[in-house]
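Take 0 as the starting number for the sequence shown in numbering that gives the first Met the number 0 and just add one per residue. Reading through the structure tokens given below for one structure.
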Amino acid sequence: MKIVVAPDSYKECLSSMLVADAIEAGIRKVKPDTEVLKVPLGDGGEGTIAAITRSCAGEIIWMNSLDPLGRPIKCRVGMLNSGRTLLVEMASASGLDLLAEQEKNPMRTSTYGTGLLIKQCLNTEAEEILVTVGGTATCDAGIGLGAALGAVYRDREGHELQPVGENLKRICEIDSSNLDKRILGKKFRVLCDVNNPLYGPEGASYVYSSQKGATKEEVIELDQGLRNMSLLAKDTFGIELGKIPGMGAGGGAAAGLKLFLGAKIVPGIEVVLEMLKVEDKILTADLVISGEGRTDAQSKNGKVISGLGRLCQKHGVPLLVLSGSLGEISQDLYDIGISAIFAIQEKPMTYKESIRNASELITGTTENCIRLFQSKK
Numbered sequence: 000m001k002i003v004v005a006p007d008s009y010k011e012c013l014s015s016m017l018v019a020d021a022i023e024a025g026i027r028k029v030k031p032d033t034e035v036l037k038v039p040l041g042d043g044g045e046g047t048i049a050a051i052t053r054s055c056a057g058e059i060i061w062m063n064s065l066d067p068l069g070r071p072i073k074c075r076v077g078m079l080n081s082g083r084t085l086l087v088e089m090a091s092a093s094g095l096d097l098l099a100e101q102e103k104n105p106m107r108t109s110t111y112g113t114g115l116l117i118k119q120c121l122n123t124e125a126e127e128i129l130v131t132v133g134g135t136a137t138c139d140a141g142i143g144l145g146a147a148l149g150a151v152y153r154d155r156e157g158h159e160l161q162p163v164g165e166n167l168k169r170i171c172e173i174d175s176s177n178l179d180k181r182i183l184g185k186k187f188r189v190l191c192d193v194n195n196p197l198y199g200p201e202g203a204s205y206v207y208s209s210q211k212g213a214t215k216e217e218v219i220e221l222d223q224g225l226r227n228m229s230l231l232a233k234d235t236f237g238i239e240l241g242k243i244p245g246m247g248a249g250g251g252a253a254a255g256l257k258l259f260l261g262a263k264i265v266p267g268i269e270v271v272l273e274m275l276k277v278e279d280k281i282l283t284a285d286l287v288i289s290g291e292g293r294t295d296a297q298s299k300n301g302k303v304i305s306g307l308g309r310l311c312q313k314h315g316v317p318l319l320v321l322s323g324s325l326g327e328i329s330q331d332l333y334d335i336g337i338s339a340i341f342a343i344q345e346k347p348m349t350y351k352e353s354i355r356n357a358s359e360l361i362t363g364t365t366e367n368c369i370r371l372f373q374s375k376k
């Protein structure tokens with residue numbers, strides 16, 4: 000029996016590698032001799048760089064940058080193909096996990112630190128720079144990263160504005176005349192973990208900014224700012240950001256990367272699955288087990304389990320998903336190749352208890368899944 004273990008990370012809890020280890024432990028409690036192939040994944044969110052570099056014989060280098068509130072921080076950057084490809088993870092410099100609970104406020108946070116990482120990548124011989132945009136603490140439409148690369152934003156009086164979320168609706172001019180010219184010598188791809196538009200009911204602010212600390216009033220204000228950026232982008236660059244799927248990823252950072260770098264926007268999970276040759280591994284598997292921190296209606300839109308589901312459905316391999324928590328589960332998830340979804344909690348518990356005991360809960364749930372799967376053989 001061969002089982003492919005290919006989980007995402009559990010946000011603010013366990014890396015995809017630690018989740019894979021916990022799943023393997025549950026398998027071996029029931030079937031010690033089972034062939035277990037661990038393939039930790041990421042979809043453009045936190046942990047994607049670690050998953051890619053680990054599986055593709057890459058390496059991690061460290062760069063100095065600034066966190067979402069402008070404090071000094073050291074960040075990981077992945078390097079592949081002898082330095083010809085670099086991987087920048089927004090969560091490393093602009094991530095929600097970098098802030099204490101009371102510091103989370105997308106009105107005040109910025110992607111400036113991510114821009115500093117990209118600027119340092121321009122100093123290298125890299126031909127292509129991949130940017131993952133999941134897990135951010137921001138909703139600034141990428142004006143922060145643009146500022147780090149030379150863009151300037153002004154209000155109606157001509158005063159320069161700080162590149163933070165609360166200033167989005169005040170911007171009347173985007174000056175890109177001093178944008179770093181070296182950008183033209185590189186290729187950029189943005190690995191998106193969601194397919195949301197920039198603004199509107201399904202946009203970056205309404206869907207995600209409350210999770211980043213925004214009040215109901217601030218959610219509306221940020222959405223207005225994102226709409227303003229879309230109008231300015233059309234007038235200044237001739238690009239209609241509001242009509243391009245995925246521009247809401249990373250608190251709208253995908254829009255800034257498109258605007259300032261000319262980046263190609265791609266589904267992160269599809270790139271990761273291809274780079275890690277996951278389909279080849281599934282071909283000979285009897286079972287695939289994945290997992291994520293929360294499974295809900297959003298999970299079908301470019302997340303790890305949606306990409307795996309497509310491959311498992313194609314090759315007739317059952318796919319089990321172990322979830323840290325369950326939201327609204329639609330029939331769509333089962334229609335895209337997922338066989339069954341299990342919450343890992345074994346009894347009523349608080350969120351903090353679930354986080355603290357996640358590894359043991361994953362192992363226990365896996366053990367029960369394998370016993371059930373084995374009984375059907």
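No residue lacks a Cβ here, since even glycine has one placed at the ideal position from N, Cα and C. Predicted model only: the values in this text are computed from it and were never measured.
Based on the DSSP output, what are the partners of residue i in its beta bridges?
i    : result
D174 : V151
P71  : L65
G224 : Paired residue(s): none; G224 is not in a bridge.
S338 : Per DSSP, none; premise fails for S338.
G77  : I59, L86
S322 : E291, A342
I128 : L85, F187
Applying the 10 Å Cβ sphere with the 16-neighbour rule, what's the burial state of residue i?
i    : result
A56  : exposed
I173 : buried
A99  : exposed
R355 : exposed
L65  : buried
I59  : exposed
N63  : exposed
K351 : exposed
P71  : exposed
S329 : exposed
Q297 : buried
G326 : exposed
R370 : exposed
G145 : buried
K211 : buried
S229 : buried
D331 : exposed
D42  : buried
Can you tell me whether DSSP reads residue i as helix, strand or coil?
i    : result
C368 : helix
T294 : strand
V316 : coil
G94  : strand
I328 : coil
L86  : strand
L286 : strand
L167 : helix
L160 : coil
T33  : coil
L13  : strand
T135 : strand
V38  : coil
V193 : coil
K1   : strand
D179 : coil
S358 : helix
K28  : helix
A49  : helix
D7   : coil
R309 : helix
L116 : helix
L144 : helix
G363 : helix
K103 : coil
K302 : coil
L275 : coil
S109 : coil
Legend entry - the segment 156-175 / the segment 103-120 touching (three or more Cβ pairs under 8 Å): yes
Legend entry - Contact between the segment 122-131 and the segment 42-52 (3+ Cβ pairs under 8 Å): yes
Legend entry - At least 3 beta-carbon pairs within less than 8 Å: the segment 280-293 vs the segment 204-218: no
Legend entry - Contact the segment 358-365 vs the segment 17-34: 3+ CB pairs below 8 Å: yes
Legend entry - beta strand (DSSP E) runs contained entirely in the segment 195-267, provided each spans 3 or more residues: 263-266
Inset, instruction - Determine contact between the segment 247-266 and the segment 326-343, defined as no fewer than three beta-carbon pairs at a distance below 8 Å. - result: no
Inset, instruction - Count the C-beta pairs between the segment 246-253 and the segment 204-213 that are closer than 8 Å, then say yes if the count reaches three, no if not. - result: yes
Inset, instruction - Examine the Cβ distances between the segment 192-200 and the segment 86-93 and report whether three or more of them are shorter than 8 Å. - result: no
Legend entry - Touch test, the segment 307-327 against the segment 269-283, Cβ-Cβ under 8 Å, three pairs minimum: yes
Legend entry - the segment 184-198 in contact with the segment 237-249 per 3-pair CB rule at 8 Å: yes
Inset, instruction - Check whether the segment 4-18 touches the segment 30-45, taking contact to mean three or more Cβ pairs, one atom from each stretch, closer than 8 Å. - result: yes
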